[in-house]
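> This is the structure, below, for whatever I ask next.
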Amino acid sequence: MSDLLSNSVFFGVVVSVLAYELGVLARKKLKLAVCNPLLIAVIAVIAVLAVFDVDYKEYKQGAELLSYLLTPATVCLAIPLYEQITLLRDNARAIMAGIVSGVLTSLVSILAMAFVFGFSHEQYVTLLPKSITTAIGMGISEELGGIVTVTVAVIIVTGIIGNVIGEYVFRLFRIEEPVAKGIAFGTASHAIGTARAMELGEIEGAMSSLSIAVAGLLTVIGASVFANFL
């Protein structure tokens, strides 16, 4: 059975899609924030690979077909942003200040953790792109000499955490402004957070989409600078 699954070209794609659909179904039925579709999909895929004794490399070869969709999917996020272009112009300074603050907070927190826990340079640069979309984060990690596979895992975990606890944080600090919510989701938890922002409203989704792109560009520059600090 394991050989049959491993030799199937579309095994990775089919397992990934079905696992995600399982997560979506669980979210609709249970209506709990912790039932994040991506989190459930990750757990389900790991379970399938373990039960059927399928090597991760075999799974990855098929699943890479989905990776090609990352870049165009990110570009498509410009559509809701275009629809809110007037709001963007009216709040341009505040939006930019929020995104810059978020990017600096992310980079500084990783630098602080590196000193506290004694990270090596390789481990340090691996974590620097944790809050940006996978398509950009992988390139930064590889360029700086990080461990790309770990970077991907950290980015996914960061996104899931932001997606799950984002609303609770807003309630705790009494944040009600849609623009602020969108910036927070996009800057801190990239595309996974943006998916949740879009569920909250059009403005939240648009601002989060903008934050993904701008935060990604700023992190490319910032990570290159911060990489020299350790």
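If you use the numbering used here, the sequence shown corresponds to residues 29 to 258, in order.
Glycine is no exception: its CB is placed at the ideal position from the N, C-alpha and C atoms.
Keep in mind that this is a model prediction, so the values were computed, not measured.
Apart from the five residues on each side of it in sequence, which residues of its chain come closer than 7 Å, Cβ to Cβ, to Val73?
Hits under 7 Å: Val43, Ser44 and Ala47.
> Excluding five sequence neighbours on each side, which residues of the same chain lie with their C-beta closer than 6 Å to the C-beta of Met166?
The answer, listed in chain order, is Val176.
> Quick check on this structure: which residue in Ser239, Phe213 and Gly233 has the alpha carbon closest to the alpha carbon of Val197?
Considering only alpha carbons, the answer is Phe213.
> Report the residue from Ala163, Ile168, Ile220 and Phe147 whose alpha carbon sits nearest the alpha carbon of Ser95.
Ranking the options by Cα distance to Ser95, first place goes to Ala163.
> With DSSP as the reference, label Thr161 as helix, strand or coil.
Coil, per DSSP.
> For the stretch 203-217 against the stretch 227-244, are there 3 or more C-beta pairs whose distance is under 8 Å?
Yes: the two stretches touch, three or more of their Cβ pairs being nearer than 8 Å.
> When the Cα of Ala142 is compared with those of Thr133, Val153 and Ile249, which residue comes out closest?
Measuring from the Cα of Ala142, the nearest candidate turns out to be Val153.
> Measuring straight from C-alpha to C-alpha, what distance separates Ala15 and Leu246?
An answer regarding residue 15 cannot be provided, because it is not within the stretch 29 to 258 covered by the chain.
> Apply the 10 Å Cβ neighbour rule to Met29 and answer buried if 16 or more other Cβ atoms are within range, or exposed otherwise.
Unreliable placement is indicated for Met29, whose pLDDT of 49 sits below 50; the coordinate value is still reported in the next sentence. Classification of Met29: exposed, given that the 10 Å Cβ count is below 16.
> Exposed or buried, which one is Glu150 when buried takes at least 16 other CB atoms within 10 Å?
Exposed: under 16 other Cβ atoms inside 10 Å.
> Given that a residue counts as buried once 16 or more other Cβ atoms are within 10 Å of its Cβ, and exposed if not, what is Gly190?
Its Cβ being crowded by 16 or more others within 10 Å, Gly190 is buried.
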